[in-house]
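According to the numbering used here, the sequence shown is numbered sequentially starting from 553.
Glycine included, each C-beta is placed from N, C-alpha and C at the ideal position.
The structure displayed is predicted, hence computed values, not measured ones.
Report on the structure given below.
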Amino acid sequence: MNEQLSQDELKKLVANSAIDYVKSGIIGVGTGSTANYFIDALAQIKHKIDGAVASSDATAERLKSHGIEVFDLNDINGMDIYVDGADEITEHMHMLKGGGGALTREKIVAANAKEFICICDESKYVPILGKFPLPVEVLPMAKSYVARELTKLGGQPQLRKFTTDNGNLILDVHELKIADPIEMEIQINQIVGVVTNGLFAVRPANILLLATSEGVKTIKKDA
Ligand code: 5RP
553 MNEQLSQDEL
563 KKLVANSAID
573 YVKSGIIGVG
583 TGSTANYFID
593 ALAQIKHKID
603 GAVASSDATA
613 ERLKSHGIEV
623 FDLNDINGMD
633 IYVDGADEIT
643 EHMHMLKGGG
653 GALTREKIVA
663 ANAKEFICIC
673 DESKYVPILG
683 KFPLPVEVLP
693 MAKSYVAREL
703 TKLGGQPQLR
713 KFTTDNGNLI
723 LDVHELKIAD
733 PIEMEIQINQ
743 IVGVVTNGLF
753 AVRPANILLL
763 ATSEGVKTIK
773 KDA
C-alpha cells in the first residue's frame, strides 16, 4: 500500500486492525474519533464478546447504539485489553491524551486492563511529548490555584470551554517541556485540586498500532 490516505482513512484503517486483538470477554473502550471507528468495527463482531466498559458518556452511547452491552467498571473484575487513541505517543509508549476531555475515565479504565492497545495515525508519533497542549482535569474551585502552580512549572494554562463527564474543568497547558514524562505525570498529579493529567507514562501503552501510508505497523513495548 502506498497511496496517500487521509488522516481519517488512516484512523479507520488502524481501528479496524485492532479487532484482531479482540478475543472474548469484556473490552475496555476509549474515546475520540479513532476509538469511534473501533466501536463501529467492534459492532461487526459483537457476538464474540460479552460487552464493553466505556471511558466516557459519548463512548457508552455509541456502544449502546450498536447493541453492545456497557458494563459498570465496579461490576467486573478487570479486562484483557483497553483500546484507545492518543494525541501524541513516543517510541517509549508514553502518551499524551485528553484532547477529547475524557482523560480521567480513560486512565481509570486503562488501569483495569492487562494490555493497553494504542491506535493512532502516524501524525501522532512524536520524538518528545508536549507540542499538543497537556490537558489537566481540575476541580472547579481549584482552577486558579492549579493554573498558578502549572505556570511555575513553565506551562501556559488555558481554561477550556468544556465540562467533563465528571463535572470538572480542563486546563490545557501549552509550552511545557516534558523531558521526563513519568516524573511530570507524578508531579502534576500531586498538585492539590488536580484530578488527573493527560500524561499516560507511569502506565504506558503495551502495543502501538500505527497507521502509515505503507500500512499498519505494530510496535511493542521494549521490543
Ligand atoms: C480523548 C483522547 C483521544 O484518545 C485523543 O484525543 C485522540 O483523539 P482522536 O482519535 O479523535 O484523534 O484522549 O480524551
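Whose C-alpha, out of Cys670, Glu613, Gly719 and Ile578, is nearest the C-alpha of Ile641?
-> Cys670
State whether the segment 615–631 contacts the segment 734–751, with contact taken as three or more CB pairs (one from each stretch) at a distance under 8 angstroms.
-> no
3-residue-minimum beta strand (DSSP E) runs that sit fully inside the segment 586–624, ordered along the chain | 603–606
Counting by C-beta, which residues lie closer than 5 angstroms to a heavy atom of the ligand NAD, in chain order?
-> Summarising the ligand content, the structure contains the ligand 5RP and does not contain the ligand NAD.
Beta-carbon proximity of Lys676 to Gly637, cut-off 9 angstroms = yes
Is it true that the CB of Thr611 sits closer than 9 angstroms to the CB of Ile597?
-> no
Which whole-angstrom value is the C-beta distance of Ala753 and Ile722, which I expect to be below 8 angstroms?
-> The pair is not a contact, with the Cβ atoms about 19 angstroms apart (cut-off 8 angstroms).
CA-CA distance, Val574 and Leu565?
-> 16 angstroms
From which residue to which residue does the beta strand (DSSP E) around Tyr697 run?
-> From DSSP, Tyr697 is part of no beta strand (DSSP E) but of the alpha helix (DSSP H) over Lys695 to Lys704.
Neighbourhood of Gly577 by C-beta, 8 angstroms cutoff - its chain only, sequence neighbours within 5 removed | Ile601, Asp602, Met631 and Asp632
Give me the Cα-Cα distance between Leu751 and Leu686, rounded to the nearest whole angstrom.
-> 7 angstroms
For Phe668, count neighbouring C-beta atoms within 10 Å of its own C-beta (all shown protein chains included) and say buried if the count is 16 or more, exposed if not.
-> buried
Bridge-paired residues (DSSP) for Lys528 | An answer regarding residue 528 cannot be provided, because it is not within the stretch 553 to 775 covered by the chain.
Just to confirm, are Lys773 and Asn758 a CB contact at a threshold of 9 angstroms?
-> yes
Range of the contiguous alpha helix (DSSP H) that encloses Ala662 | Leu655 to Ala663
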